[in-house]
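Some notes on the structure that comes next.
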Amino acid sequence: MNHSPVKNSFVILVGVLLVALLLSHMFLYQVRYDQVAVRTTFDKADESSIQEAPGLKWRWPWPINKVALYSKRLQILEDKIEELQTADGKSVIVRTYLTW
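Counting with the working numbering, you get residues 5 to 104 for the letters of the sequence shown.
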């Protein structure tokens, strides 16, 4: 069977691109501006494991390095307004907020 050189080079190019995509997925991770990454080495973390600067970062593939991404955005939980009575019989309106 006779294959044209153009078709062979196209198949090789697609193969190289797929391998490059797979390798970049294994060795790179992205930290967004609103995230913090914790990179563990063999499930151990220290102060240098915390990555706060945004951008592409290098890592060793699993199981050597594992990366957990956490949001830096504030989460707000707001409870409903309640009317409570104080010990001296006065009314107080209370609303509870929780931020983490």
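Where a beta carbon is used, it is the ideal one built from N, C-alpha and C, also for glycine.
Whole-Å CB distance - residue i paired with residue j, under 8 Å assumed
i	j	result
Ser28	Arg43	Not quite, the Cβ-Cβ distance comes to about 17 Å (not below 8 Å), so this is no contact.
Gln39	Lys70	About 15 Å; that fails the 8 Å criterion.
Element boundaries [alpha helix (DSSP H), containing residue i]
i	result
Ser52	That residue, Ser52, is in no alpha helix (DSSP H); it is neither H nor E in DSSP.
Member of the options whose CA lies at the smallest distance from the CA of residue i
i	options	result
Glu86	Phe46, Leu26, Arg99	Arg99
Buried or exposed (CB count within 10 angstroms, at least 16 for buried), residue i
i	result
Ala57	exposed
Ala49	exposed
Rounded separation between residue i and residue j - CA only
i	j	result
Ala35	Ala91	A quick correction: the sequence has Val, not Ala, at residue 35. The alpha-carbon atoms of Val35 and Ala91 are separated by roughly 52 Å.
Met30	Phe14	24 Å
Pro67	Ala24	20 Å
Asp83	Gln89	18 Å
Trp64	Leu22	19 Å
Continuous beta strand (DSSP E) stretch holding residue i: start and end
i	result
Ile24	Position check: residue 24 holds Ala in this sequence, whereas Ile was assumed. No beta strand (DSSP E) holds Ala24; the alpha helix (DSSP H) holding it covers 9–31.
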